[in-house]
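Going by the working numbering, 273 is the number at position 6 of the sequence shown; the sequence numbering is gapless.
Note that the Cβ used here is the ideal one computed from N, Cα and C, for glycine as well.
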Amino acid sequence: MENRTENDWLAPLRERGLIPEGAKAVFVVGSVARGWHNPRSDYDIYVVSDPLYAAETSAAVPVPLEPPFFNVEVFYAQAKRWEVKYWSDAHIAQMLAKVSWDAYERGGIPGKVLTPLEELTLARLGNCLPLIGAEWVEERRTQLGETAFSSFAIARSLGAADTLVEDALGQMEANDLESAVLSARQAFGHAVDALLEGAGEFGSHQPKWRANRFKAATPGVLTFDEYWTVETMATYDIADPLPWIKNVLALCQDIAMRVDVS
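In structure tokens, the structure reads:
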């Protein structure tokens, strides 16, 4: 974490009056919190308060929650772009309610119960760096673990993989092998996402981190080398793509059978 102290993170926020009095939690999220950042990475901070806080220059972003927006503040400091998202405690509670087991058993449609931003927000609770309100963060993590969040995410990814497998099979039958290659490659990505989500590594809306998520999850179904060989199409033969397509589709189906949705 670049040897940054808690005060190193909080000082730029306090200097700009960006931490509301009585804030329930302030935490670092994203690549920096995971140790995956690079010299060009932004700093992403979440601030949770009750009620929702807005700084004087904040921009409101609509969300399907109540209140129907959250606020964003952007500034530059220490040669970095800082983005501060303001959520209310009620926002987080509503997101958790959307992925309750009751919602899952009522037939909530995977991929529709949460927006990508909502899903990412909940996923980040599991790997954030608390600066203020560590107890609040831990309580919400526990609550998240008691929901059907994982099941919704896995079912969504498996459904997307299955659709693309069917697409690839049809394209092979039509001898449209270029399209079948693309469908198979996408199907594999979704299948791996389901595998990682089953291991508690969420964030499939950001495929750029899939390799890092795989290393963090270390799933038993595939080794990293096996995964990376397919991800990079290392064995693909442009003159004879059919074996590669068939192998990838079989791998997708094998993963689907070994991932527990419940």
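- A straight line joining the alpha-carbon of L518 with that of V351 spans about 40 Å.
- The beta carbons of R408 and L392 sit closer together than 8 Å.
- The alpha helix (DSSP H) runs of length 4 or more contained entirely in the region 333-398 are, from start to end of the chain, 356-365, 368-372, 383-392.
- Excluding five sequence positions before and after S418, the CB atoms of its chain that fall closer than 7 Å to its own CB belong to Y371, V528, S529, given in chain order.
- In this structure, A461 sits away from V366, with a CB-CB distance that is not shorter than 8 Å.
- D275 and E468 have their C-alpha atoms spaced approximately 28 Å apart.
- Shown here, A415 sits in coil according to DSSP, grouped into three states, outside any helix or strand.
- Under the DSSP definition of a beta bridge, A326 partners with V339.
- Check the Cα spacing between I399 and each of I312, E282, R307: the tightest is with I312.
- Just so you know, the alpha carbons of I522 and W495 end up roughly 15 Å apart.
- About 6 Å separates the beta carbon of L411 from that of L389, a gap short enough to meet the 8 Å contact definition.
- When DSSP states are grouped into helix, strand and coil, A292 belongs to the strand group.
- Going by DSSP, D311 is part of the beta strand (DSSP E) stretching over 310-316.
- For the pair D317 and A357, the CB atoms are nearer than the 8 Å cut-off.
- Here the region 330-346 does not lie against the region 425-439, with fewer than 3 beta-carbon pairs under 8 Å apart.
- Around the Cβ of E464, a 10 Å sphere holds 16 or more other Cβ atoms; the residue is buried.
- CA-to-CA, the gap between A484 and E445 works out to about 32 Å.
- Taking a C-beta distance under 8 Å as the contact criterion, L431 and A401 do not qualify as a contact pair.
- Sorting S355, M524, E433, A451 by C-alpha distance to the C-alpha of I286 places S355 at the top.
- L509 is classed as exposed because its beta carbon has fewer than 16 other beta carbons within 10 Å across all chains shown.
- When the Cα atoms are used, S325 and F337 turn out to be separated by approximately 9 Å.
- Straight through space, the alpha carbons of K513 and A290 are spaced by roughly 53 Å.
- Around L387, the same chain offers G470, H472 as residues with beta carbons nearer than 7 Å, after the five sequence neighbours per side are excluded.
- Spanning the alpha carbons of L516 and P331 requires a straight line of approximately 36 Å.
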